[in-house]
Amino acid sequence: MIYYVGIYLQEVFAALSFLRLVDSISFRALCGAITALLLTIFFGERVILYFYRLGHRDRPRNYLNYSSVGNPSKTYGGPLLVAVILISVVLWCKLHTGFVLLCLGGLLFFAGLGWVDDYLKVRHRSSDHGLSETAKLALQGGYCLAFGTVYATADLTPLPAEVATQLYVPFLKYPLIDLSWFYVPFIAFTITAISNSVNIADGVDGLAVVPTAFVVAVFGVFAYISSHARFAEFLIFPFMPGVGEVAIICSIVFGACLGFLWFNSYPANVIMGDTGSMALGGLLGTVAVLVKQEFLFLIVGGIFVAEALSVIIQDKIGVKWLGRRFFARAPIHHHFQQRGLADTKIVIRFWIVAGILALCGLATIKIR
Amino acid sequence: MRYLLTGGGTGGHVYPALAIAEEIRRRQGDARFLYVGRRDKLEAWAVPARDFPIRFVRARPYPRSRSVRALAAFALVLAWGMVQSAFILLRFRPQVIIGTGGYVSAPILFAHGLLQKIGLSGARVFLYEPNAHPGMLNQVVGRLAHRVGIAFEQAGRWFDMKRVAVVGYPVRSEFLELDRDGARAALGLDPQAQVVLVFGGSGGARVVNEALVAALPALASLSNLCVLHITGRYRGPDYDAVADTQNAVAQLALANDAGWYRPLEYMDDIHLAYAAADLVVCRGGAGTLTELCVARKPALIVPLATAAEDHQAANAREMERLGAAQVIYQRARWGDGGMESAVDGGELGQRLQALLGDPERLGAMARAASKLPRRDSLALIMDEIDHLATERRGAPLNLEFPLRRSGPPADANALLRWARAQLREAGGIEAMAPGDLAYLRYQADRLLVSRAWYEVPLGRRNVGIKLVGLLGYEAQRPLLLKILLDRLPVSRLQRLCGGDYQHGGIVRRNVVEWGIGQLGAGDSSTRAALARALVEDPYFEVRAASARILGEAGFAEDAVDAALMQALDDRSPDVVVAALNALGQVGTDSQLLSRLRGFYLHPNGQVRQGVVGALARGVERGVFSADEVARDLDEIIASSPHFTPTFALNEALSALSQQVGAGREGGSRDVRVL
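From first to last, the protein sequence lines stand for chains Z and H.
With the working numbering as the guide, the letters of the first sequence map in order to residues -11 to 356.
With the working numbering as the guide, the letters of the second sequence map in order to residues 2 to 675.
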């Protein structure tokens, strides 16, 4: 919105020509991040109290009493995170572009799905009575297929049509293969997997937000490069005009994550719940697909990948197929809790790993 | 009139249909019949023997497992059977279809349903359900029926009440007038002897045959006894009822000069055997039980454990409750090819001896039995069919069906919860009625034998193991130990991915934790098995649980002590911690303290905590002297990544919530640090 106002004002009043600044992606990215951060910090306390009074509280399963803080019930604050991102995007992005609309679609759909899940859990006063796994996957898969269809249709896609269905892989300069319509199921799988892995990782105070912040930071850089004709040419990236908006969104999510960490850091008084984690995951997946760096997520989102793999190995391979466990508990952070590590120690170690992985991801810009 | 009869698989479904058909033929000379059944089942020869024409269709029971392959095969066979049935229906054009249940009747009734939809079949359908719990397909088919006749009132719950009639079970008319002395004369039996009739339903029963043979030595000592044993003609790849029974009896080398044991393959006039018997050992199918009651005979019932919805056990329990029979359940046991279900021959012998030695009891049971069945069942069914044929409405019913499910749920986990609730209701294992406890334990046996376990590693056998512990089922302790030490490997691919044995790690852990943990490791053979598992089991949870239970046993032989000491070198921290705790509780080894010293600087905080605990327990038990341990205290590194912060406000809130009794969520309240 500010973009449109700024452009209008600097056209009408010569004295306000400095407002051309709103055309700069880096300026709007910075402002977006600060807006999101300040909004969260300023309104966070009130919103948390409001949700607390509404009774939107977490009821964690506690199998062996390994939670360090005697099982406190925390407030679901996912809607705060989503609202802040939404407001900042509306304020700072070019809303009419396909990139922004697709990102917002992903954010809102997954937030809605997560909210239903949270709501059911609150209503049934149990973490075991949310949406079923099948229902979740079916809804996510349905949305992602629709998204993929829009993405791969030449008339609808915001990307240059010749780039849209190319498959890019880290460490390779040129696209690996043109998947054509096979790109649709690939995208659907990617977004669903990323969304669920973030959801799985959200298990200890502050564990999901910081790695998410690292991931969006890296994707923001990639988006910025792809949006810039000369950078893209120099670094041999696909040039995609308009993808700079994705960089702004990434920066906004970065700010919102830091703001959320303000309250979510150990000992947390708010957790993002499924609303927040699925929304962030859905948005991350959408961003990864839009900047054409799906495989980069395997590196920068290594924490999420490990969490998801630990669940698959434990549950699908171990318990369901072989009748044994591989970890003391899954997801993997519960394994470390079980092994007696303090929550803070686990979380900060995960952050360190996530940070290193983010640097590795950034290195792929040049190592190609 | 043209009547189409269908139903089969077993005598329980075929004989009612035949009884009805014969009655119709007696009343209407010009009636035409067609029987539809399966080629390889009882109806294929029982029906032509009574001069009824028969046609065959494909049919298959509804699969008990949820495997996709089994479901697909079922659907295909059903579809093909329906096509065959449609042709039969279109050619024969019956006016009345009489279905007596069993999966065999499903294709014809479904096909009729479809044809009726498009106006090609106008037949009226009479469905007859002989069991207390209708089979899966009969429940569905019940919606197509114009009238449903049931033998047990409980079965009415599964059908539309307006169309249900309680008609009882139609037994053949010979059963109504039995002559004991005449029958004994006809069979050549001593009129003074005590006659026991043993048979396993229309198809014979391997379990009953084998149990009886095993019980024969115990029965041989009884004077004046005669055992009539009808083995059945079953001949399969791994069992031949006649030959195998003969061989087994020959191996016993019984003194059979008086001819007190009389094996028979099959008996057409089984009513004679009923008439002659003083006690009957049989399966718990509805037909058999009704015949028992009509014949006024006391019985020892062996319910078929694999019956659909476990209906035989339900039937038998009902008879037991009314005092008309006793029940002896099949038990899980470890056979040559793994787990199998069988009746313990020794137990059967004891129960028979006890019953035969108590004529008063037998008399009371016979009197109770004679009160049960309807003798006018066939007439009632004929009324219903006449109403159908003339399209008049049947007499309105005034029935109140019990709404509460009395039987156990089919789902294994629900069954566990149900058993727990039963125990709680009764107030513990000791306070439970013996009949109820035996039934609950039989449920554990049923789950233990379940093959479904192989489809999912943690299936119903796992729940059976938990039930054994929950019910204090001491008799199955050896079986649990067998499972724990079973070394049948899984497939190569599974081993490559980390699997080990057919009884998967979690199942073995549950054997230790739920089974033996509840039964207690008081005897030395259990402790030896646990010690072996502790040393050689490849799965860490099994080793950890074994160490824990060994510690709780409170006593350790040298071998157990050595195994625990060896477990201190385990690669899994869980096992080391459990072994440390156990050694603190039971360890007596002279080297113990010096071994413990090796853990003072262990990198894992949980292990060091275990050492400290073990030292404390050791000092308490007097294994270590306080001075020795005091000197060591400075050696133990105290820092650890463990960190349990306490929040004053949270604690105060917890205390307050306990004080005011508002422990809605276990007294835990939230912490708000803004």
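Note that the Cβ used here is the ideal one computed from N, Cα and C, for glycine as well.
- Classify arginine 572(H) as helix, strand or coil using the three-state DSSP reduction. If you number the second sequence from 1, residue 572(H) lands on position 571. Three-state DSSP puts arginine 572(H) in coil, outside helix and strand.
message = Taking beta-carbon pairs under 8 angstroms, can you tell me which members of the stretch 300 to 323 of chain Z lie near chain H?
response = Ile305, Gly306, Val307, Lys308, Trp309, Leu310, Gly311, Arg312, Arg313, Phe314, Ala316
- Message: Please confirm whether leucine 347(Z) has its beta-carbon closer than 8 angstroms to some beta-carbon of chain H.
- Response: Position 359 of the first sequence holds residue 347(Z). Leucine 347(Z) does not count as touching chain H.
inquiry  = One question on the structure: do glycine 328(Z) and proline 62(H) come within less than 8 angstroms of each other, judged by their Cβ atoms?
reply    = In the first sequence, residue 328(Z) corresponds to position 340, counting from 1. In the second sequence, residue 62(H) corresponds to position 61, counting from 1. Against a cut-off of 8 angstroms, the Cβ pair of proline 62(H) and glycine 328(Z) comes out as no contact.
Short CB-CB distance (under 8 angstroms) between tyrosine 601(H) and chain C:
Among the protein chains of the structure shown, namely Z and H, there is no chain C.
**Request:** Would you check if there are 3 or more beta carbon pairs closer than 8 angstroms linking the stretch 236 to 255 of chain H to the stretch 380 to 389 of chain H?
**Result:** no
*asked:* Between which residues of its own chain and serine 626(H) is the CB-CB distance below 6 angstroms, once the five residues before and five after are set aside?
replied: Against the second sequence, residue 626(H) aligns to sequence position 625. None.
Quick check on the DSSP output: the beta strand (DSSP E) that includes tyrosine 36(H) runs from which residue to which? Along the second sequence, one-based indexing puts residue 36(H) at 35. Element bounds for tyrosine 36(H): 33 to 38.
Task: Three CB pairs or more closer than 8 angstroms across the stretch 169 to 177 of chain Z and the stretch 315 to 333 of chain Z - done: no
Query - Test item: CB-CB of tyrosine 275(H) and leucine 198(H) under 8 angstroms - result: As a working note, residue 275(H) is residue 274 in the second sequence. As a working note, residue 198(H) is residue 197 in the second sequence. Yes, Cβ-Cβ distance for tyrosine 275(H) and leucine 198(H) is below 8 angstroms.
Given alanine 21(Z) as reference, the closest of Ala201(Z), Ile291(Z), Val293(Z), Phe31(Z) once Cα atoms are compared: Walking along the first sequence from the start, residue 21(Z) turns up at place 33. That would be Ala201(Z), whose Cα lies nearest to the Cα of alanine 21(Z).
Check your understanding: If you compare alpha carbons, which of Tyr254(Z), Arg8(Z), Phe1(Z) is closest to isoleucine -10(Z)?
Key -> On the first sequence, position 2 is the one that residue -10(Z) refers to. Among Tyr254(Z), Arg8(Z), Phe1(Z), the Cα nearest to that of isoleucine -10(Z) is on Arg8(Z).
- Apart from the five residues on each side of it in sequence, which residues of its chain come closer than 8 angstroms, Cβ to Cβ, to glutamine 592(H)? What you label residue 592(H) is simply residue 591 of the second sequence in a count that begins at 1. For glutamine 592(H), where only same-chain residues beyond five positions count, the Cβ hits under 8 angstroms are Met566.
| message | Can you tell me where the beta strand (DSSP E) holding phenylalanine 57(H) begins and where it ends? | response | As a working mapping, residue 57(H) is identified with position 56 in the second sequence. Counting along the chain, the beta strand (DSSP E) containing phenylalanine 57(H) begins and ends at 55 to 57.
Three CB pairs or more closer than 8 angstroms across the stretch 140 to 160 of chain Z and the stretch 181 to 201 of chain Z
no
| task | Mind checking the stretch 506 to 530 of chain H against chain Z and listing, in chain order, the residues whose C-beta falls within less than 8 angstroms of any C-beta there? | result | Gly506, Ile507, Val508
| task | Keeping to the same chain, check which residues put their C-beta closer than 7 angstroms to that of glycine 8(H); ignore five residues upstream and five downstream. | result | The residue labelled residue 8(H) in the question sits at position 7 within the second sequence. Around glycine 8(H): His14, Val15, Ala18, Gly100, Thr101, Gly102, Gly103, Val105, Ser106.
**Study point:** Beta-carbon neighbours of proline 574(H), restricted to chain Z and to distances below 8 angstroms
**Key:** Locating residue 574(H) in the second sequence gives position 573, counting from the first residue. Chain Z residues near proline 574(H): Arg327.
Q.
Please report the straight-line C-alpha distance between arginine 352(H) and leucine 213(H), rounded to a whole angstrom.
A. Sequence index remark: in the second sequence, residue 352(H) carries index 351 (1-based). Sequence index remark: in the second sequence, residue 213(H) carries index 212 (1-based). Spanning the two alpha carbons is a distance of roughly 12 angstroms.
Review point. When we look at the beta-carbon of lysine 62(Z) and count the other beta-carbons within 10 Å, is it buried (16 or more) or exposed?
Key: Position 74 of the first sequence, counting from 1, holds the residue named residue 62(Z). By the 10 Å Cβ count, lysine 62(Z) comes out buried.
Using the Cα positions of glycine 136(Z) and serine 239(Z), report the straight-line distance between them to the nearest angstrom.
-> Start at 1 with the first residue of the first sequence, and residue 136(Z) comes out as number 148. Start at 1 with the first residue of the first sequence, and residue 239(Z) comes out as number 251. One C-alpha to the other measures close to 24 angstroms.
Inset, instruction - Would you mind sorting lysine 354(Z) into buried or exposed? The rule is 16 or more other CB atoms within 10 Å of its CB. - result: Taking the first sequence and counting its residues from 1, one reaches residue 354(Z) at position 366. It counts as exposed.
- Neighbourhood of glycine 234(Z) by C-beta, 7 angstroms cutoff - its chain only, sequence neighbours within 5 removed: Stepping through the first sequence from its first residue, residue 234(Z) is reached at position 246. A small fix is needed here, since residue 234(Z) is valine in this sequence, not glycine. These residues qualify, in order along the chain: Phe87, Cys91, Ala211, Val275, Leu278, Val279.
**Prompt:** What first and last residue would you give for the alpha helix (DSSP H) that runs through valine 151(Z)?
**Reply:** Against the first sequence, residue 151(Z) aligns to sequence position 163. Element bounds for valine 151(Z): 149 to 152.
By alpha-carbon positions, which one of Gly436(H), Gln155(H), Ile637(H), Val469(H) ends up nearest to valine 450(H)?
Within the second sequence, residue 450(H) is the residue found at index 449, counting from 1. Comparing Cα positions, the closest option is Val469(H).
Taking DSSP as the reference, what is the three-state secondary structure of glutamine 444(H)?
Residue 444(H) sits at position 443 when you count from the first residue of the second sequence. If DSSP states are grouped into helix, strand and coil, glutamine 444(H) belongs with the helices.
Given this structure, state the Cα-to-Cα distance separating tyrosine 455(H) from leucine 95(Z), to the nearest angstrom. Here the question's residue 455(H) lines up with position 454 in the second sequence. Here the question's residue 95(Z) lines up with position 107 in the first sequence. Bear in mind that the predicted position of tyrosine 455(H) carries a pLDDT of just 49, short of 50, making it too unreliable to give a figure here.
**OP:** Below 8 angstroms CB to CB, which residues in the same chain sit around glycine 523(H) once its five sequence neighbours on both sides are set aside?
**Re:** Taking the second sequence and counting its residues from 1, one reaches residue 523(H) at position 522. Counting only Cβ-Cβ distances below 8 angstroms, and skipping sequence neighbours, we find Ala554.
- glycine 221(H) and threonine 232(H) closer than 8 angstroms at C-beta: Position 220 of the second sequence, counted from the first residue, corresponds to residue 221(H). Position 231 of the second sequence, counted from the first residue, corresponds to residue 232(H). A small correction: the amino acid at residue 221(H) is alanine; glycine does not occupy that position in the sequence shown. Not a contact, by the Cβ cut-off of 8 angstroms.
| query | Secondary structure at glutamate 558(H), three-state DSSP: helix, strand or coil? | reply | Along the second sequence, read from residue 1 onward, the residue named residue 558(H) stands at position 557. In the structure shown, glutamate 558(H) sits in coil (DSSP, three-state: anything other than H, G, I, E or B).
From which residue to which residue does the beta strand (DSSP E) around histidine 230(H) run?
Working through the second sequence from its first residue, we reach residue 230(H) at position 229. Note, histidine 230(H): beta strand (DSSP E), 226 to 231.
Q. Which residues share a DSSP beta bridge with methionine 340(H)?
A. Residue 340(H) sits at position 339 when you count from the first residue of the second sequence. Methionine 340(H) pairs with Trp335(H).
ask   = In terms of residues, what are the limits of the beta strand (DSSP E) holding isoleucine 430(H)?
value = Along the second sequence, read from residue 1 onward, the residue named residue 430(H) stands at position 429. First-last for isoleucine 430(H): undefined, no H or E at that position.
Measure from the C-beta of tyrosine 540(H) to each C-beta in chain Z and report whether the shortest distance is under 8 angstroms. Reading the second sequence from its first residue, position 539 is the one you call residue 540(H). Yes, tyrosine 540(H) counts as interfacial toward chain Z.
Classification of alanine 126(Z) by the beta-carbon crowding that lies within 10 angstroms, buried from 16 upward: One-based indexing of the first sequence puts residue 126(Z) at position 138. When all chains shown are included, alanine 126(Z) counts as exposed.
Glycine 232(Z) versus alanine 76(H): straight-line alpha-carbon distance, rounded
One-based indexing of the first sequence puts residue 232(Z) at position 244. One-based indexing of the second sequence puts residue 76(H) at position 75. Spanning the two alpha carbons is a distance of roughly 55 angstroms.
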